[in-house]
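The working numbering runs 148 ahead of the 1-based position in the sequence shown.
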Amino acid sequence: MKELVFDNIIFIYKKINCQRKLMILGIGVDICSKKRIDNILKKLDHHFSRQILTDVEMKQGIASTDFSKYLALRFSFKEAFYKAANYSNQKLLGWKDISLLDFHNGEFKVNLSEKAEIIMKKKVPLGKKLNINVSVGDTDTLVISKVIVSYYSSI
């Protein structure tokens with residue numbers, strides 16, 4: 149077993165039948181204040197959330213017990229994703245081109261729009277598979293998101 153430590157994340161490789169070679173394209177981290185999101189929602193009502201969230205995210209957010217926490221987490225995730233993807237040109241790739249959806253058992257599912265998939269595939273060598281890992285957490289006042297964008301192939 150081989151263990152690699154990279155930015156406080158431990159990757160453990162075992163020799164099974166095939167070994168994956170992982171290449172990290174970028175790591176993004178973002179911290180967002182829930183109070184900041186509350187203030188924006190009070191000032192702009194749901195105009196801000198409509199700019200940030202996809203239709204599916206909006207439906208899940210409205211059904212959640214704490215909408216401002218839900219919105220803060222998605223905002224933080226999207227900021228972290230753009231940092232990890234080294235992508236700052238918001239004219240081509242916007243807030244609604246990536247979504248973080250609630251899955252089951254507290255897991256999340258990352259969805260890319262068709263436009264985002266095309267842009268991200270340009271960053272990945274031919275024959276390799278794009279991988280997006282997400283870790284989120286929160287306290288009473290803050291949410292934090294960490295995104296690792298990588299690609300891999302089986303040997």
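Idealized CB from N, CA, C, for every residue including glycine.
1. Would you be able to state if there are at least three C-beta pairs under 8 Å between the region 198 to 218 and the region 270 to 279?
2. Applying the 10 Å Cβ sphere with the 16-neighbour rule, what's the burial state of Glu-262?
3. Between Ala-232 and Val-272, is the Cβ-Cβ spacing less than 7 Å?
4. If I'm right that Val-177 touches Ala-220 with Cβ under 8 Å, what's the distance once you round it to whole angstroms?
5. So, using beta-carbon positions, are Ser-293 and Phe-225 closer together than 7 Å?
6. Check whether chain B comes within 7 Å of Glu-227, counting only Cβ atoms and requiring the distance to be less than that.
7. Looking only at its own chain, which residues have a Cβ that is under 6 Å from the Cβ of Asn-234, when we skip the five neighbours before and after it?
8. With DSSP as the reference, please indicate the residues paired to Gly-242 in a beta bridge.
9. Which one of Ile-179, Asn-187, Ile-172 has the shortest CA to CA distance from Asp-286?
10. What is the rounded straight-line gap between the Cα of Phe-251 and the Cα of Leu-260?
Put simply:
1. no
2. Taking the sequence shown and counting its residues from 1, one reaches residue 262 at position 114. Glu-262 comes out exposed.
3. The sequence position of residue 232 within the sequence shown is 84, counting from 1. The sequence position of residue 272 within the sequence shown is 124, counting from 1. In this structure, Val-272 does not lie closer than 7 Å to Ala-232 by Cβ.
4. Numbered from 1 along the sequence shown, position 29 holds the residue referred to as residue 177. Numbered from 1 along the sequence shown, position 72 holds the residue referred to as residue 220. 15 Å between Cβ atoms; not a contact.
5. Locating residue 293 in the sequence shown gives position 145, counting from the first residue. Locating residue 225 in the sequence shown gives position 77, counting from the first residue. The beta carbons of Ser-293 and Phe-225 sit closer together than 7 Å.
6. Although the question refers to chain B, the structure presented lacks it and comprises just one protein chain.
7. In the sequence shown, counting from the first residue as 1, residue 234 sits at position 86. So the list reads Gly-174, once near-sequence residues are dropped.
8. Working through the sequence shown from its first residue, we reach residue 242 at position 94. When DSSP reads this structure, Gly-242 sits in no beta bridge, so it has no partner.
9. Taking the first residue of the sequence shown as 1, we reach residue 286 at position 138. Selected option, being the one with the closest Cα: Ile-179.
10. One-based indexing of the sequence shown puts residue 251 at position 103. One-based indexing of the sequence shown puts residue 260 at position 112. Taking the straight line from one Cα to the other gives about 15 Å.
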